[in-house]
Structures are given as structure tokens and as C-alpha cells.
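Protein chains in written order, with our numbering: chain A, 17 to 303; chain B, 17 to 303; chain C, 17 to 303; chain D, 17 to 303.
No residue lacks a Cβ here, since even glycine has one placed at the ideal position from N, Cα and C.
Please read all numbers here as calculations on a predicted model, not as lab measurements.
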């Protein structure tokens, strides 16, 4: 898909009914849009319809600002969950980090390569360690030190910052704090976490140590949307790497951190290109 | 996709134009078909449009036997390459083998599990070795011994057999003979070969020996449509496995034969589910 | 390694001490053995020494039957766990199955290719379904139907069969029964199971259903030694395959069964070539 | 292996003979070394013996500076190719780059994490583009602009720089120039290149374009020692990633550059930990 053309993306899911694709395709065709990429999926029970359509709006007969409104009647008729986004409009994004740099490093380098359809507006951390890295890329860096007592207060400050920057999506790039459920509820399906294990194996603390002690032959990393249940959110992407008895915990951490980086940036790319529909506890990925 | 519903599949490619998806979706909707699965792709130059649509024809208002005719005007208008197939109609298939059994073994076992949308009508070999295996699965087995002198004559006999059984698709399951270009021309994009290397590396004879001598760290297998240029046909599927200096040529053959089996059956599954469009020297795979 | 030479294999582990490799290498060299393959490992805490040595005994100055006795003093000195095996002596093996055939099919086909250093002496099942497959390969097949009430009695019959055939190693090739801890204690580190998940994820029943419901993006299979704690034994080998939201549970079962087959036969190959040391809850694999 | 202990590493290959392991192990044991890690390999023809031994020299009875001399008689007796290195002595390394930054970025970040047993002494480029990146890590950066006419002259300047810094190993991190055979001969088995294809497929220019046009389903990257024959040197490490018809050449470049980074740093790690023996056109990797 040539993303340099002005492009709209519809993500929609609803109960399956006849004629849905035709209705959507007609909506686009009648307004002189050209479909660039379309994927449609009906689940194996034949009940849930999901679709991603990207179309060229160069010659669209209605303005970008009016497309959403124009689509409302169709969406209502099918009682659909949906959104229409424009690839030219980058997603305002915040990154939360702690002390380890590998994920932030990877994200910022790719950001400098224009790999994401995102504006990284600010970085928030509970420590000062990664401030120099943020400065290299000229991204505002805020520190909100967290203790048990101050956590909810600090979250208030974080939310204020996020609002100030109009942030839509939050990346937890090895941010070692657990967010409150109140915080998470503010950004449904918009907080992306990386967990350093092959979920659902090794939930919680020290997954590499757990993996080492269990003697698994393969370790993994999983990117998922944060929900109020820790490490239980809808999984976006996972990957694995082979290990052996020769690998120490330190080796697992090293090998795993390569996975974490690549899995997290893949999840960010999918999310910022509007390729993910959350469906219950699972995701549908149009890649 | 629940394939137990009576299902039609359209595979179509043509020059990209506005409204193609809408026209196709309307064709289905107006006749009371329900789209189960749709994937559409426009190449990165924005020129070539390709689509696979599967739809439920339980309530279709025109008979199966008339669907092709009904679609002709639309296809002509866009000057498209296309076919409409029905999943209930199994593809009549012949398997060509020589002496090694691993691919045939795998195909027949999966066939017994109903994994392919195919009828394996007969097996043709230049040797008698695999006749007992064919007999276990009650499949007719014909031997056409090949020498340089007899090759073209024997191919005539093979073609006669294929016609007798109304064969549409041929699987070369480690058939060690090179088919004449005349033979290949009879079954365009319908002869599936497995080559025991990661194409285009190690074309031709003894790829495992070539790989051993080059000292590669990964070997592969490639399934492709046979064309008159040996090992140059459109690739359907490839896979690889890691090797090391500890592996002898014998080990490469053993590890590689696992790849060959799995890659070939994956190609057969894709082909028999009508998931492949051949586009020049390449394939578009809707999986 | 050219295994056609008469070859002895030592597997040994003990507390690490200076000079262990020298002592073992000297033991072999002084008796005119030629080391073909040696791997040694000291764990990352520097405490546990493990070694596998394979040596050519063509010109060994002591008889095969006396090698074990000759090694006893050295082993005692280091208080080692050890065994010396001979590749020419195939391991007497029983396979336990239930109704599904894919693992048995794979094992028997590879057995026919001489891939394992094993004699498959008998097959035991709680159902008659796979008797025809056993007969194709001329392997005795015994049925011991299991109910809650008869389980321990039937295990007695199974043990009697295993003793009759001098079985050393048991392969649970998707045998759906849980063995009693008494049974398992008779064959320590000699019962190989295949679990159809990426352990420790999805322990217990219906792992594919569990995986489907959790929405993982990768599924796996794990081969491990059976211990009294279900699915908790030392892992020998694991592998994974990518899935997507498009895969139904049926697709997961199909994709997973390919993993199960390949992971299980890899574990059997490692075990019968004496490449595994069990160390607590983990394995050391010399491959 | 706990590399914090002072450690010597022997890499040795010669014609296979009885007693080699015993002789080497005794050499270490008699001088109070403790073997931490040993791997030995005899090729499948039973002719070529290769070994890597790492041992703790904390209590070694001869000084580090005299170990090589002490080993000479044994090595001569077997007419062996060998070297003894010390992990505490970091390998002086130069990196050659051109304009693209992904490999250099990865190397320098890992270098900052102490992942390599190397000192990166200088970076040489034919362009100024990556000077800022070098400066971030405080590494001297030299520019030697290359034209057809100036190439050999500039190589003289490069060699002078390498000598000034006592460089032992050169990393070609997407340096787009072809080194003269005279230059290469100065650093046998010490120039590591990354080629952006799965060698031997797509040798030469624009491998991603070649891969795109051939329609392969998997692309790769290969790290190898540079020899006078372009892309023909002994392969150290390879890896692959799956692609589809949906990927444009730009996508291939993006996906491939992740491979290039990871494959190259893996090769550097193996080389700087003295885990590679070059044997003819192939490598033996002790990992």
C-alpha cells in the first residue's frame, strides 16, 4: 500500500449480516474513494464480522472532517463498533519508561526513521536515568518519582501531562510500575505494554528467572493492551527465541531484550497504522 | 471460516480501478450471498488489483452451474483474469513420485485426515518402490519407467492417464524427472513442485551437498509451480531450519526432508483451497 | 560423528573439580579409545559439571562388558551420577497411545528409516483404534482398557508386559491417561511425554482451547520426562508455530499436531542417542 | 560460563589423532587450570579435529605471557592451527561504515552495554553522515572519501589508521565499498561483513530488489568473513524473516535491516569471544 496518498482507514466490527461489505464498499465508491487495501474476517462461529478498509481520499467528494459524520447512519444501522482514521494525522503518543533503555532506544531510533504513524509528544519516567537519551531526540522528558504513598498523586500529574499534550496512546516501554485501574480506564485499548515472557507463561515478576528455573527451551516476549488485570490484556504480538542449558539468567535477559524491542515496536507499528481491533480478550490483527 | 457451508470462491486480478470491490460485493449481495472471507490487495505500484472472496451460497439466487456465466460481463468489463470455484468440488489430483517416500507418506496421511480439498485420483511413478504405500491408501498406482529415449513416449502415456482421470492438478512429490516443456504447458499454474533448497539458492542437483559445501547455517525447502525453466517457477511457500558444522550431509537430508514434507503440503492446501493467484513470476497468497 | 564405528557414550555429572576432563580423557586414551565427540558444561554458578563423551571403541583394550566396571573407581572418587552406553545396543522401547494417530504415525515412519537408536518392542493402548497402524509395521499391539476403577489393575498388566519385553524407555505418544506415581517411579527419566502446549503455559486439559480463548499469537508443543507432577517434568524440547485470529480451534489442533510430532521425535532421538542429562527439574541437552 | 574469572581460550584444529583431548586437558590440569567450557568436534569424515577450551587461569602456574610459548611443543607435535587468547584482553576493532546507520547504531548501543569482548578504537567512513553518531559514543571517526581513482590511495590511509590504533578486527557495518584483495589479505579471517541476503542467494547489488522480483517468501541476512571473492567468504551466522506479496521493496529493506543488525552483532559476539574456527570455506562455531 502506498501510504503517501491521502488515506482513510475504517476499522469496524459488528454482528455478521449479509451485505456488509457491499454497503461499506459502496459508501466509499459512491464518494469517489479508491480502496487500496481491504481485509474482512468472520469468526469461525460465523457471528462476528470485522473489517479494515484503507482507501485513497484524493478525490473523495466529502471533506475529511465530514467523513465520520457521513458514516454514522450506516454504522448505527448495524450497531457497529467503528472508527475512521486518517494516516496523515499522526497519533499523539507518550512513552513511559523506568531505568532500562533498550526499548526506548529502539522506539526512538525507529521514530527517527519515520517508521511509526505517531508523534512522540513526551516521555514520562519515575527515574532520571533516560533523560539524556530523550534529549538526543529532542523529546520532552518528565520525571514523576513513584512510591507506594505517592503513586496515585503522581498518576494525577501524569494524567495532567497527557492531557496537556493531547496524548491518545501510551507506550509502556519497560515501565516497571503497575498503573491503577482508574488510570487504565482513561485510555481503553490505547495503552500498549511489553511483558518479558511468552504470555500466559511466567506472569508477574522476574519472568526470566522463572523461565531459567523451569528449564524451558524457548523464551518469549508479548506485547498487549494494558487492562486492569495485570498481564491479562489482549495480546497484540509475540515472538520467541531458542535458549539452552548453556544460557545463564544474564543470557536470557540479553536474548529476551532483543525480543522485547522488536515485539514492542511491531505492536506500535500495527497500532499506529490502525491495524488492530480489540474483540473481547483478544485482538484481530489486519497485517 | 466455516467451510461446511456451501461456499464459492472468486480469485480475480486485473488493472486497478475505482469501484472494483463494490462491484464484486454487490454482485454477491444482490444474489443473496453472504461474504465469509475477503482479502484484497493492490500492489505497491498501485497498478495491479487482486482479490479473493469466499461467500456462502446457501441462499444464492442463481444455481452453482450458472454463477460463472453470470459473472462473465463484470469480468469482461475489467478485462480480468479470474475463476470461481466451489469448495464442495474437490480438485482431481495426481501425484508423481520416484523412490523416496517421505513426501508421499505425508500427503497421503493428511489426505486420510481430509486436510486437502482434493481427490487424489492416481499416483504415477518411474519406479515400483512406492506401490505398497499407494495400496495402503487404495489409490491407483501406475509405473512409467523413464529413460532418455523413452521419456517423451512415457509422457504421452502419463498424459493419457491424467486425461482418463480428469486430473486438474499435479503434485511432484520428489519426482526426480524433469518434465518436458510440452507437458508443463498442458497444466499452467497447476503443477506443484517441491525443491529441496531455499530457492534461488542451490538450484539444480544435490542441493544438500551444495549447501554442505558452502557452509550455510540455515537450509530450506521451496514449493513452486513448475514452469519450463527449472526451479524458476512462481514460489508458493518456503521454510527453513537451522543447521551447524556438526551436521553431516546425511543430517541435512534428514532435517531438510521434514521441511520438504511440510512445505509441500502447505502449498497443496493453499492451492486446493483456491488461495493462490499467479502474477507474472510471483504468487499472491491469500492465507 | 560417524556412528557406524562401534561407539561408547559416557554421560556424567558431578560437583565441579579441577582435572575432571583430563581424568576422563586419560581413561579413554590409556585404553586406546578415540574421542569422536565431547561436550562439557559447567553451570553459571560454577558448581555443577556435566559431560558427554562419545568414543570409538574399535581398538579399546578392554571388552565392552567390562567398561562400566573399569570406570567405577573414577566415578566413585568424584561421587558422580553417570552411565556408559553403547550405540550398537538399541534401547528397548514401548509406545503408549490412545486414539489419535499423528504421533504414532510419525514415530513408526521414522523408525522404519532407522532414525532412532531404539527397538520399538510393543505398543500399548487403551483403545483398539491404532491396531491396524501397528500391524503395518509388525509391532505387537496390546490393549488395556482403562476406567477409573480398573486403572491400577491395568497398570499392573502394563508393567508385566513391559517387563516381559525388557522395556527401558516409554514414549507417551498422546496417551491420554495420567499414569500413577507408582508407575512413573519405576522408570525415572525414562518416560517421555508430549504435551500439546508451550509449557508452562496451558497445563492440563484442552490446551488448544485454552490458547484459542486467551488469544495468543503463537502456540507450542513440549516434550518432557514424566514425573509425578503432571506437566511439571524436565523439558527436553519445545517448538512453536505462529497463529492468527483467522485460525479456529480446529486450525490450532492441525498446526499444533505438526509440532507435537516433530518435537516428540526430536526428544526420542536425543534420548536414544544418550544426549540428555536430567539435572533437578531441568535437562542438559548435548546436541 | 562465568567470564568474570580470568579465562584463557584455546582454539585449535588439526588432523584427528588419538589422545588429543587428553593431551590438551592434561596440559591445563598439570598447570592447575580449571576447564570451564570445552567443545570438541571431529568432522563426519573423521579427519579434522577441532576444539575450543576455556579455562580459569586464576591459579595457573605459568604466567599469561608465557602460556603461548608453553603450548608450542604440543601444537607442533600435531601440526595444528591454533591460538590462545585471554578474555580479559579486548580485541581492538575498527568499524567501517557508509551512510546507513542501523548497523552502527546497534553495534554502538550494545558496545555501551559491554556485550562485546572488544575495544572499538575507531570508525572509518567514506562519508560524513554518521559522524554525529560516533561522537555520541566518543569514538574517533575518520572520513576517507572513495572514488574509483582514489580507492587504493585511500586504502593506504585506512591501513595507516588501522596500524596506528593496532586494530586486529574490522567490522564492515554496511560499508558499501569493495575492499581490494591486497587490503583483505592483511586481515585474514578478521574482517567481518554483513550481506543483506540469505547467501548464496542474491549475491551482489540490490539483494532486496532481487528478492522482491523473484518473489521469495522469506528473506535473510548473512554475516561472513570477507575474502577476495565477494560474498563468498566463510559464513558465520545467518537469519531469516518471513515476507509476503503485501511487502514492498521498502518493507523488505525495513524487515531486512532488523536481520542485518542482529546477525552482524551475533557474529561480532562470536568472534570476540573466540568461538569461531575457519576451516576452508566454512566456519566451525562453538556456541
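- At a cut-off of 8 Å between C-beta atoms, residue 29 of chain A does not count as an interface residue with respect to chain B.
- Scanning D:240, D:273, D:297 for the CA closest to the CA of residue 283 of chain D turns up D:240.
- Under the Cβ distance rule, residue 261 of chain A counts among the residues neighbouring chain C, one pair being separated by less than 8 Å.
- Against chain D, the CB of residue 133 of chain C has no partner CB under 8 Å away; the residue lies outside that interface.
- The C-beta separation of residue 100 of chain D from residue 26 of chain D comes to about 5 Å, placing the pair in contact by the 8 Å criterion.
- Here residue 187 of chain D really is in contact with residue 112 of chain D; their C-beta atoms are around 7 Å apart, less than 8 Å.
- Note on geometry: alpha-carbon atoms of residue 63 of chain B and residue 30 of chain B lie some 9 Å from one another.
- Taken in chain order, the complete alpha helix (DSSP H) segments of 4 or more residues contained in the segment 221-288 of chain C are 223-230, 265-288.
- Using a Cβ-Cβ cut-off of 8 Å, residue 273 of chain A does not count as an interface residue toward chain B, since no Cβ of chain B sits closer than that to its own.
- In this structure, the beta-carbon distance from residue 216 of chain D to residue 258 of chain B does not fall below 8 Å.
- The C-beta of residue 127 of chain B has 16 or more other C-beta atoms within 10 Å across all chains shown, which makes the residue buried.
- In summary, residue 194 of chain B is exposed, with fewer than 16 beta-carbon neighbours lying within 10 Å of its beta-carbon over all protein chains present.
- An exposed status is given to residue 245 of chain A, since fewer than 16 other beta-carbon atoms sit within 10 Å of its beta-carbon.
- Residue 139 of chain D is a Cβ neighbour of residue 150 of chain D, given a cutoff of 8 Å.
- Remark: C-beta atoms of residue 58 of chain B and residue 286 of chain A do not approach each other more closely than 8 Å.
- Comparing alpha-carbon positions, the option among B:236, B:157, B:65 lying closest to residue 300 of chain B turns out to be B:65.
- Around the beta carbon of residue 144 of chain B, fewer than 16 other beta carbons lie within 10 angstroms, which makes this residue exposed.
- Note on the segment 59-112 of chain C: whole alpha helix (DSSP H) runs with a minimum of 4 residues are 80-93, in chain order.
- Within the segment 95-128 of chain D, contact with chain A at the beta-carbon level (separation under 7 Å) is assigned to 121, 125.
- When Cβ-Cβ separations below 8 Å define contact, residue 281 of chain D makes no contact with chain B.
- Runs of alpha helix (DSSP H) with 4 or more residues, each lying fully within the segment 138-205 of chain D, are found at 147-152, 167-180, 197-202, listed in chain order.
- For residue 45 of chain B, at least one C-beta of chain A is nearer than 8 Å to its own C-beta.
- Under the three-state reduction of DSSP output, residue 301 of chain A falls in the strand class.
- Taking 8 Å as the upper bound for CB-CB distance, residue 23 of chain D and residue 71 of chain D are in contact here, some 7 Å apart.
- Ranked by Cα distance from residue 264 of chain A, the first of A:248, A:255, A:235 is A:235.
- The segment 85-94 of chain D makes no contact with the segment 76-91 of chain C: fewer than 3 CB pairs, one atom from each, lie closer than 8 Å.
- Three or more pairs of CB atoms, one per stretch, sit closer than 8 Å, so the segment 119-126 of chain D contacts the segment 274-282 of chain D.
- A Cβ of chain D is located within less than 8 Å of the beta carbon of residue 251 of chain B.
- If you draw a straight line from the Cα of residue 224 of chain D to the Cα of residue 132 of chain B, it is about 34 Å long.
- Here residue 252 of chain A really is in contact with residue 292 of chain A; their C-beta atoms are around 6 Å apart, less than 8 Å.
- From the beta-carbon of residue 172 of chain A, no residue of chain C is found nearer than 8 Å; the closest lies around 33 Å away.
- Within the DSSP bridge table, the entry for residue 30 of chain A names A:65 as partners.
- If the five residues before and after residue 78 of chain A are omitted, its C-beta is found closer than 7 Å to the C-beta atoms of 47, 86, all from its own chain and listed in chain order.
- Going by DSSP, residue 295 of chain A is part of the beta strand (DSSP E) stretching over 292-295.
- In this structure, the CA atom of residue 115 of chain B is about 25 Å from the CA atom of residue 135 of chain C.
- The alpha-carbon of residue 211 of chain B is positioned some 22 Å away from that of residue 275 of chain C.
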